[in-house]
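Enquirer: Residue numbers (numbering that gives the first Met the number 0), protein chains in the order written: chain G, 0 to 427; chain F, 0 to 501. Just so you know, even glycine gets a beta-carbon here, dropped at the ideal spot from N, CA and C. As the structure is a computational prediction, the values presented were derived from the model and not from experiment.
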Amino acid sequence: MGGFSHLSDEMLVSRLQRAAFSYLTDYADADTGLVADTSRPGSPCSIAVVGFALSAYPVAVENGWLSRAKAARLTLRVLKFFLDSAQSEAPDATGYKGFYYHFLDMKTGRRVWQCELSLIDTALLIAGVLVAAGHFDGDGIESEIRDHADALYGRVDWHWAQNSTSGLSQGWKPECGFLHYGWEGYNEATILYILGLGSPTFPLSASCYETWSLTYQWENLLDHNVLYSGPLFTHLFSHAWIDFRGIRDGFMREKNSDYFENTKSAIAIHREYGERNPYEFEGYCRDLWGVTAGEGPSVASSRGKGRDRRFYGYMSRGVPYGPDDGTISPWAMLATLPFTPEAALAGTRHLLERYPQVCSDDRFSSGFNPTLRDGDGGWLSQGWFGLDQGLLAISIENHRSGLIWEIMRRCPYIRAGLAHAGFSGGWL
Amino acid sequence: MQRTTPAALSDDEASLLRRVRPQDWRNPRPKSLYDLAIIGAGPAGIAAAEYAARRGFTVALIERAVLGGDSLHTGSVPSKAIIRTADIYGGMRDADEFGAPLPEQPAFDFAAAMDRLRRIRTRIAVYHSVHDLTALGIDIFFGEARFAGPDKLVVDATPLPFRKVLIATGARPKIPGIPGLKETGYRTSSTIFEMTALPKRLAVIGGGPLGCELAQAFCRMGAQVTIVQNNPKFLPREERDAAEILNWSMARDGMEIRLNTVVIAARREGDTKILETLNNEVKGEIAADEILVCTGRVPNIEALDLAAAGIASNPRRGVTVDGFLCSSNPDVYAAGDACLPLKFTNAAQSSARRAVANALLQAGQKHDNSVIPWCTYCSPEIAHIGLQVWDAHRQSIPIKSYTVMLNDIDRAITDGEETGFVKIHVAEGSDRILGATIVASHASELINEIAVIMSTGIGMQALAEVIHTYPAQSGAIMLAAQAYRRDTDSTVLQTPSGKPLV
Ligand SMILES: Cc1cc2nc3c(=O)[nH]c(=O)nc-3n(C[C@H](O)[C@H](O)[C@H](O)COP(=O)(O)OP(=O)(O)OC[C@H]3O[C@@H](n4cnc5c(N)ncnc54)[C@H](O)[C@@H]3O)c2cc1C
């Protein structure tokens, strides 16, 4: 306890990064290579977490946590698993049309919970697949990795997911067909569009990206100019793979900004909101923020400080429009390291000092709500979530060495996708 | 308005009828020619009649039910009266926040609330009464109008010779074809205000403005309300941030919310009405004592025999009009809900005046939706004027929104009315205001400042200089303009939090 304050920034960050990475191997199935959504007993695999794991193996190699050969074996095992998995309309398949169900059985890889065939989570998985292909450039098993990666990417039928519209559906279920949640506005899906547009086999139609950007809102909020999206993670996910510094699409050219700068603005808004703390939540300040999607308390509403306190459970929280119930994600501040390192470190240190319970075994919990007095130190989400750990491992690496960004800059599919989405300038 | 006449009328109801349809009324003998014959005496018809009569034209105003239309009898007025009751009663929940806790939760008096509603209706009817309109020289005919040829209009059997006609017949609730709904029994906005007791459980079908307003009001009065919306969001015409705030606010009030859900069937079990629903593949049921259908409105055009007069129309959109509100018959114009996509009282009135000016004075005035503010009177209220961001994108107009959160406004904080925002859309590269969305307890009032600004052509620069009272919630409008100034004028200092972009 209290074991961080003596560490230098660099030591602190690498210790937390290593712990985050080790989640991805600790909670992987030994046979399938699938990685668990959470550390909780019985958790299924989330395909997005596998995408982060695939992206993180090269990080481990570079840091000397895994040998290259071992990382290659782990990688090939997962790619093989997906390539051989059941692809059909059957309700218990692993995927369909090259996409995969959001949650899979860790052992069999079959769909669980009647979950949706997920476009965004498939995109995160495929992003990891392409990182693997970019990193393992040798012969033998490494060339097998590249072949498998090509096959996996090539068979995703992105075009089918448009469901004959100019937009993109949000998923599909064998029970009821395409899902439509009416997503409006900017969010974490940029990577999905880029991968879809870059496909050599079944690309998205070009108008797709524009249809989406028609719903964007360019706002001056709390004195910052931002392409608005409420939850913090939406400003981080696509950025884990794509180095948006200096490259711009039509929208950002018009606004004289880019998606990297935009994330910085979003962070500034989150910090300022934390300081203003309009709902008078416990703990919030300029160095305690990180309102995003994730788990939170699901208890009955109560009253505190003369206000209704409602808690939303698992929810996409956002700033400044809400919803916000006083839950922050302890990992989120550190995940902003590539964008605003000072803010990320100041916040993380403050959090660790004030609420050390949010970090056990050097890994951050997924959600923390100090306003809800549930026991002593507030409500704390149990165990760890793979998405949080994966994003942290990669974001920290991008900050330190730019490794994943560098690999993806070289990826021809990413370059093609960016070009089709109208990106130019900078490293393109 | 079809109402069963009770045995003895209360004083209020007697006064109301005297004002909107006297019981001993006899239609006048028609003049040999009217400059203008108006079909329908709702807000559009009445506004048109007054406008024309005050300019010396002869006017016949035809109404098949009562003066005042939907707005007075089953729309704007009664709904706002009941929403005020719901605000007061629902607001008591938070009284302790202000240090004024209630000893106990008082019982709700539905009858008193409905009495108040009826008194209000009667009072407001005085402003456009039969007495006042006839005093202006308007000939009022109670009866159903229809065309009998391109230049022939009859009221019941009496022909009314005219130079020009204005169709202002309004709209009525659209009833979806849900199997079993009719047999199960339901109410619409036309009949909900006739209820004599608060239903314990109310199921509302439709999450547009009317559905949301009424659902939330009944919830705040104490009914258990479930609202079903087939769209992924409420108020599909509003931007996401506004619709989501409403979503949270309704959830906080304790409403059951079923988005992305369609009602596939209805049935009755004893006294309970049951809606069968489908959300993606998941089936569900909602048990209720009353069902309220708010699934849109259809124009009242069937009785008019428009074809006989060569007037093009569409059963869903109503009378087809050009930008000047003229139909395909050059002597026939239309206004209000009978022809407009924006079905609001203010739109009805302004379109009616324009139509008359065009018909009788060749004024050449275009009807312009973009200057009509509207509001959904939920808690918080959601008001809009002008372009939405997606409209601007579609028209390739670079647009930027200056947003001030209400929880940053001193007066909203002192009032404990912090939910919402003021968002002003500006054409980038200029200070021209293209539109605005306001979510606030009193958004219906705040949006009018923007309406004035837009109609005078004042931009953000000048707005930033306009001195507002302090503290006031409308200060948010001024602060948005000042944010604009800080953002665009490199000679002023940025806020301490800094500005990220150079
Ligand atoms: C619950 C509810 C709440 C509302 N709240 C608001 C609000 O807050 N703000 C707002 O701006 N708007 C509101 N509206 C909408 C508003 O009431 C209408 O837009 C407005 O009444 C339209 O006016 P109108 O004159 O076009 O039509 P109407 O008010 O419908 O009047 C049409 C008249 O024509 C008569 N008529 C029809 N056919 C014939 C015929 N063949 N012969 C003779 N007469 C005929 C009808 O009897 C009726 O009196 C609300 C509506 C509802 C239902």
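Please work out which residues of its chain come closer than 7 Å, Cβ to Cβ, to F:ILE452, disregarding the five sequence neighbours upstream and downstream, and give them in chain order.
Expert: Locating residue 452 of chain F in the second sequence gives position 453, counting from the first residue. For F:ILE452, where only same-chain residues beyond five positions count, the Cβ hits under 7 Å are ILE432, LEU462.
Enquirer: Taking the alpha-carbon of G:TYR22 as reference, which of G:ALA122, G:GLU352, G:SER423, G:GLY389 has the nearest alpha-carbon?
Expert: In the first sequence, the residue the question calls residue 22 of chain G occupies position 23. Nearest of G:ALA122, G:GLU352, G:SER423, G:GLY389 to G:TYR22, Cα basis: G:GLY389.
Enquirer: Does the beta carbon of F:TYR185 fall short of 8 Å from some heavy atom of ligand 1?
Expert: Here residue 185 of chain F is taken as the residue at index 186 of the second sequence, counted from 1. Outside the cutoff, so no.
Enquirer: Could you tell me whether the Cβ of F:SER496 comes closer than 9 Å to any Cβ of chain G?
Expert: Translated into positions along the second sequence, residue 496 of chain F becomes position 497. Reliability fails at F:SER496, whose pLDDT of 47 lies under 50, so the model's placement of it is uncertain and the value that follows must be treated cautiously. So, interface residue.
Enquirer: Is there at least one Cβ from chain F nearer than 9 Å to G:ASN368's Cβ?
Expert: In the first sequence, residue 368 of chain G corresponds to position 369, counting from 1. G:ASN368 does not count as touching chain F.
Enquirer: For F:MET91, would you say it is in contact with chain G, using Cβ-to-Cβ distances shorter than 9 Å as the test?
Expert: Taking the second sequence and counting its residues from 1, one reaches residue 91 of chain F at position 92. Closer than 9 Å: no.
Enquirer: For F:ASN279, go through chain G and note every residue whose CB falls closer than 8 Å to its CB, in chain order.
Expert: Translated into the one-based positions of the second sequence, residue 279 of chain F becomes position 280. Neighbours of F:ASN279 on chain G, chain order: LYS172, GLU174, CYS175, LEU178.
Enquirer: Going by the C-beta, is F:VAL281 closer than 8 Å to any heavy atom of ligand 1?
Expert: If you number the second sequence from 1, residue 281 of chain F lands on position 282. No, the Cβ of F:VAL281 stays beyond 8 Å of every heavy atom of ligand 1.
Enquirer: Taking G:PHE51 as part of the beta strand (DSSP E), name the residues at either end of that continuous run.
Expert: The residue labelled residue 51 of chain G in the question sits at position 52 within the first sequence. Per DSSP, G:PHE51 belongs to no beta strand (DSSP E); it is in the alpha helix (DSSP H), 46-62.
Enquirer: Let me check understanding here. Comparing Cα to Cα, which of F:THR73, F:PRO21, F:VAL153 lies closest to F:ALA302?
Expert: Sequence index remark: in the second sequence, residue 302 of chain F carries index 303 (1-based). When each option's Cα is compared against that of F:ALA302, the closest is F:VAL153.
Enquirer: What does the alpha-carbon distance come out to for the pair G:SER13 and G:PHE259?
Expert: Translated into positions along the first sequence, residue 13 of chain G becomes position 14. Translated into positions along the first sequence, residue 259 of chain G becomes position 260. When rounded, the distance between both Cα atoms is 23 Å.
Enquirer: Sort F:TRP373, F:ILE137, F:VAL465 by Cα distance to F:ASN26 and report the nearest one.
Expert: The residue labelled residue 26 of chain F in the question sits at position 27 within the second sequence. Nearest of F:TRP373, F:ILE137, F:VAL465 to F:ASN26, Cα basis: F:ILE137.
Enquirer: Please list, in chain order, the chain F residues whose beta carbon lies closer than 9 Å to that of G:TRP217.
Expert: The residue you call residue 217 of chain G lines up with position 218 of the first sequence. VAL388, PRO397, ILE398, LYS399, SER400, GLU427, listed in chain order.
Enquirer: Just checking: is the beta-carbon of F:ASP488 within a distance shorter than 9 Å of some beta-carbon in chain G?
Expert: Translated into the one-based positions of the second sequence, residue 488 of chain F becomes position 489. No, F:ASP488 does not count as interfacial toward chain G.
Enquirer: What residue ranges within the segment 336-401 of chain F form continuous beta strand (DSSP E) runs of no fewer than 3 residues, ordered along the chain?
Expert: Within the segment 336-401 of chain F, the complete beta strand (DSSP E) runs of at least 3 residues are 373-375, 380-385.
Enquirer: Taking F:ILE290 as part of the alpha helix (DSSP H), name the residues at either end of that continuous run.
Expert: Along the second sequence, read from residue 1 onward, the residue named residue 290 of chain F stands at position 291. Premise fails: F:ILE290 lies in the beta strand (DSSP E), 289-292, not in any alpha helix (DSSP H).
Enquirer: Please list the terminal residues of the continuous alpha helix (DSSP H) segment that includes G:TYR412.
Expert: Start at 1 with the first residue of the first sequence, and residue 412 of chain G comes out as number 413. Unbroken alpha helix (DSSP H) run through G:TYR412: 411-419.
Enquirer: Helix, strand or coil: how does DSSP classify G:ASP117 here?
Expert: Taking the first residue of the first sequence as position 1, residue 117 of chain G is located at position 118. Going by the sequence as given, residue 117 of chain G is Ser instead of Asp. Looking at G:SER117 - three-state DSSP - the assignment turns out to be strand.
Enquirer: Please tell me whether F:GLN1 has its Cβ less than 9 Å away from any Cβ of chain G.
Expert: For the purposes of this step, residue 1 of chain F is taken as the residue at position 2 of the second sequence. Any reading at F:GLN1 is ruled out, since the residue's pLDDT is 49, under 50, leaving its predicted position unreliable.
Enquirer: Which of the three DSSP states, helix, strand or coil, is assigned to F:LEU234?
Expert: Stepping through the second sequence from its first residue, residue 234 of chain F is reached at position 235. Looking at F:LEU234 - three-state DSSP - the assignment turns out to be coil, as it is neither helix nor strand.
Enquirer: Quick check on the DSSP output: the alpha helix (DSSP H) that includes G:PHE259 runs from which residue to which?
Expert: Here the question's residue 259 of chain G lines up with position 260 in the first sequence. Segment 258-275, the alpha helix (DSSP H) holding G:PHE259.
Enquirer: Since F:ALA306 is in the beta strand (DSSP E), which residue starts that stretch and which ends it?
Expert: Here residue 306 of chain F corresponds to residue number 307 of the second sequence, with the count starting at 1. That residue, F:ALA306, is in no beta strand (DSSP E); it is neither H nor E in DSSP.
Enquirer: Buried or exposed: which applies to G:TYR313, given that a residue is buried once 16 or more other Cβ atoms fall within 10 Å of its Cβ?
Expert: In the first sequence, the residue the question calls residue 313 of chain G occupies position 314. Burial call: exposed.
Enquirer: Leaving out five residues on either side along the sequence, give the residues of the same chain with a beta carbon under 6 Å from the beta carbon of F:GLY497.
Expert: Translated into positions along the second sequence, residue 497 of chain F becomes position 498. Caution is warranted here: a pLDDT of 44 is assigned to F:GLY497, below 50, making its placement in the model unreliable, and no coordinate value can be reported.
Enquirer: Given G:GLY325, which residues of its chain have a CB within under 6 Å of its CB, disregarding the five upstream and five downstream residues?
Expert: Reading the first sequence from its first residue, position 326 is the one you call residue 325 of chain G. Closer than 6 Å at the Cβ level, and outside the excluded window around G:GLY325, lie PHE280, ASN368, THR370.
Enquirer: Using the Cα positions of F:ALA265 and F:GLU275, report the straight-line distance between them to the nearest angstrom.
Expert: Start at 1 with the first residue of the second sequence, and residue 265 of chain F comes out as number 266. Start at 1 with the first residue of the second sequence, and residue 275 of chain F comes out as number 276. Taking the straight line from one Cα to the other gives about 6 Å.
Enquirer: Can you tell me which of the three DSSP states F:GLN152 falls into?
Expert: The count along the second sequence starts at 1 and reaches residue 152 of chain F at position 153. Looking at the sequence itself, residue 152 of chain F is Leu, so the reference to Gln does not match. Note: F:LEU152 maps to strand in three-state DSSP.
Enquirer: Got a sec? Which residues, its chain only, sit under 6 Å from F:LEU500 by beta carbon, not counting five neighbours each side?
Expert: Within the second sequence, the letter at position 501 stands for residue 500 of chain F. Since pLDDT at F:LEU500 reaches only 35, below the 50 mark, its modelled position is unreliable, and the value read off the structure follows with that caveat. Cβ within range, chain order: n/a, list empty.
Enquirer: Determine, using beta-carbon pairs with one atom in the segment 431-445 of chain F and one in the segment 236-249 of chain F, whether at least three such pairs fall under 8 Å.
Expert: Yes, since at least three Cβ pairs between the segment 431-445 of chain F and the segment 236-249 of chain F fall closer than 8 Å, the two stretches touch.
Enquirer: Touching or not, the segment 462-480 of chain F and the segment 401-413 of chain F, by the rule of three or more beta carbon pairs under 8 Å?
Expert: The segment 462-480 of chain F is in contact with the segment 401-413 of chain F.
Enquirer: What does a CB cutoff of less than 7 Å around F:TRP24 pick up in its chain, not counting 5 residues either side in sequence?
Expert: Taking the second sequence and counting its residues from 1, the one referred to as residue 24 of chain F is at position 25. Answer for F:TRP24: PHE141, listed in chain order.
Enquirer: For F:ASP486 versus G:LEU221, is the C-beta distance shorter than 9 Å?
Expert: Here residue 486 of chain F is taken as the residue at index 487 of the second sequence, counted from 1. Here residue 221 of chain G is taken as the residue at index 222 of the first sequence, counted from 1. Not closer than 9 Å, so no.
Enquirer: Is the CB of F:TRP24 under 9 Å away from at least one CB in chain G?
Expert: Stepping through the second sequence from its first residue, residue 24 of chain F is reached at position 25. Chain G, which has no Cβ nearer than 9 Å to the Cβ of F:TRP24, makes this no.
Enquirer: Establish whether the CB of F:ILE470 and some CB of chain G are separated by less than 9 Å.
Expert: As a first step, residue 470 of chain F is located in the second sequence; it is residue number 471 there, counting from the start. Going by the sequence as given, residue 470 of chain F is Pro instead of Ile. Chain G contact via Cβ: absent.
Enquirer: Among F:SER248, F:TYR376, F:GLU380, whose alpha-carbon lies nearest the alpha-carbon of G:GLY321?
Expert: Sequence index remark: in the first sequence, residue 321 of chain G carries index 322 (1-based). With distances taken between Cα atoms, G:GLY321 lies closest to F:SER248.
Enquirer: Could you check if F:TRP373 belongs to the surroundings of ligand 1, using beta carbon to heavy atom distance under 8 Å?
Expert: As a position in the second sequence, residue 373 of chain F is number 374, starting the count at 1. Yes, since a heavy atom of ligand 1 falls inside the 8 Å radius drawn around the Cβ of F:TRP373.
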